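J.: In terms of the working numbering, the sequence shown has 221 at position 207, counting the first letter as 1, and numbering is strictly consecutive.
From the three backbone atoms N, C-alpha and C, an ideal C-beta is built for every residue, glycine too.
As the structure is a computational prediction, the values presented were derived from the model and not from experiment.
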Amino acid sequence: MQPQLPPLQRGRYLARLAETATDLAAAQALRTRAFHTDHPDSDPFDSICAHVLIEDTGTGRIVCCFRMLVLDGGAELARSYSAQFYDLEALQGFPGRMVEMGRFCIDPDCPDPDILRVAWGAMTAFVDENGVGMLFGCSSFAGTETAEYLDAFAMLRARHLAPKRWLPRVKAPDVFRFAARLRRKPDVKKAMLRMPPLLKTYLAMGGWVSDHAVVDRQMNTLHVFTGVEIEAIPPARKRLLRAVAG
């Protein structure tokens with residue numbers, strides 16, 4: 015199917031799908047700066063994804079981007095970026111359409127919180143327009159050292175593990191099995207301070223995570239598989255998201 019997303023403007027920011035090679039190059043350039051890579055941030059998945067751009071209409075600058083891979087059901091999960099790192103056999107039974115959200119980034123020189131709000135409005139519109147039943151992706155912690163994130167991981171273990179019927183299994187060679195290793199009670203304040211903003215938003219929507227983190231030394235991150243079942247999003251949160259999506 016051809017993914018659909020009507021342009022969405024809120025204030026000075028316009029969310030739209032990339033339409034040209036120039037649009038894709040702008041997204042890749044922003045990713046390269048935001049992720050601090052020493053080479054252009056691009057991969058083969060770029061060619062099979064829809065790319066959402068958030069543009070500052072005052073300057074024409076791309077200030078946020080992410081990509082969406084639409085799958086018609088769990089049987090297509092092998093096509094996803096996440097399938098490189100996680101055994102997703104359990105999720106193959108998911109009956110509805112799925113979307114993998116990836117490479118989310120905001121221009122580090124543009125800290126305006128409205129950018130994130132518009133991005134989630136665009137995501138909501140994309141989900142609604144394309145009849146999506148599950149949103150998923152890899153949520154990243156900066157760096158590959160686990161020590162500073164132990165309270166965050168302890169909170170994920172205590173409150174946010176995936177239902178057993180969907181739980182991803184270990185596939186990557188280097189992982190941190192936080193659900194098995196951590197028995198500490200999380201310090202909630204410390205946990206939330208160290209939780210990545212994107213993951214916080216997923217969790218606020220009723221999202222869940224894998225029981226282990228992948229140590230990705232190439233990207234210099236720790237990441238957890240994260241899923242959000244659209245039907246399980248709390249009604250109040252749905253209303254807020256759809257208010258932005260229009």
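#1: Closer than 8 Å is the cut-off here; do at least three beta carbon pairs connect the stretch 20-36 with the stretch 83-94?
#2: Round the Cβ separation of PHE118 and GLY241 to the nearest angstrom and send it over; I've been treating them as touching at under 8 Å.
#3: Report the residue ranges of all alpha helix (DSSP H) runs contained in full by the stretch 160-222; include only those spanning at least 4 residues, in chain order.
#4: Pull up the CB-CB distance for LEU236 and TYR163, whole angstroms please, since I reckon it's below 8 Å.
#5: So what does DSSP say about GLN42, is it helix, strand or coil?
#6: What are the boundary residues of the beta strand (DSSP E) that includes LEU266?
#7: Express the C-alpha separation of ASP225 and ARG171 in angstroms, rounding to a whole number.
#8: May I have the straight-line CA-CA distance separating LEU67 from ARG30, to the nearest angstrom?
#9: Using a Cβ-Cβ cutoff of less than 8 Å, which residues in the same chain neighbour ASP55 once the five nearest sequence positions on both sides are dropped?
#10: I need the boundaries of the beta strand (DSSP E) containing ALA64, first residue and last residue.
#11: Look up GLN232 in the DSSP assignment and say whether it is helix, strand or coil.
#12: Among ALA39, GLY135, PRO58, which has the Cα closest to the Cα of ARG258?
#13: Examine the Cβ distances between the stretch 177-192 and the stretch 100-113 and report whether three or more of them are shorter than 8 Å.
#14: Rank ASP230, MET206, ILE247 by C-alpha distance to the C-alpha of TRP222 and give the top, closest one.
#15: Candidates VAL189, LEU196, GLU159, ALA186: which alpha carbon is nearest MET169's?
#16: Starting from the N-terminal side, write out each stretch of the beta strand (DSSP E) that is 3 residues or longer and does not extend beyond the stretch 122-150.
T.: Inspection of the coordinates gives the following:
#1: The stretch 20-36 vs the stretch 83-94: no contact.
#2: Indexing the sequence shown from 1 puts residue 118 at position 104. Indexing the sequence shown from 1 puts residue 241 at position 227. The Cβ separation is near 15 Å, so there is no contact.
#3: If we require 4 residues or more, the alpha helix (DSSP H) runs fully inside the stretch 160-222 come out as 164-173, 192-195, 202-208, 211-218.
#4: Along the sequence shown, one-based indexing puts residue 236 at 222. Along the sequence shown, one-based indexing puts residue 163 at 149. Between LEU236 and TYR163, the beta carbon gap of about 7 Å places them in contact (Cβ cut-off 8 Å).
#5: Residue mapping note: residue 42 aligns to position 28 of the sequence shown, counting from 1. GLN42: helix per DSSP, three-state reduction.
#6: It is not possible to answer for residue 266, since the shown part of the chain is limited to 15 through 260.
#7: On the sequence shown, position 157 is the one that residue 171 refers to. On the sequence shown, position 211 is the one that residue 225 refers to. Rounded to the nearest whole angstrom, the C-alpha separation of ARG171 and ASP225 is 7 Å.
#8: Along the sequence shown, read from residue 1 onward, the residue named residue 67 stands at position 53. Along the sequence shown, read from residue 1 onward, the residue named residue 30 stands at position 16. The alpha-carbon atoms of LEU67 and ARG30 are separated by roughly 5 Å.
#9: Walking along the sequence shown from the start, residue 55 turns up at place 41. For ASP55, where only same-chain residues beyond five positions count, the Cβ hits under 8 Å are GLN42, ARG45, THR46, PHE49, ARG117.
#10: Taking the first residue of the sequence shown as 1, we reach residue 64 at position 50. 64-70 is the span of the beta strand (DSSP E), which, as asked, contains ALA64.
#11: In the sequence shown, residue 232 corresponds to position 218, counting from 1. Note: GLN232 maps to coil in three-state DSSP.
#12: As a first step, residue 258 must be located in the sequence shown, where it is residue number 244. Looking at the sequence provided, one finds Val at residue 258 rather than Arg. Ranking the options by Cα distance to VAL258, first place goes to GLY135.
#13: Three or more beta-carbon pairs separated by less than 8 Å link the stretch 177-192 to the stretch 100-113, which places the two stretches in contact.
#14: In the sequence shown, counting from the first residue as 1, residue 222 sits at position 208. Nearest to TRP222 by C-alpha distance, out of ASP230, MET206, ILE247, is ILE247.
#15: Locating residue 169 in the sequence shown gives position 155, where the first residue counts as 1. Ranking the options by Cα distance to MET169, first place goes to LEU196.
#16: Inside the stretch 122-150, DSSP marks no whole beta strand (DSSP E) run of 3 or more residues.
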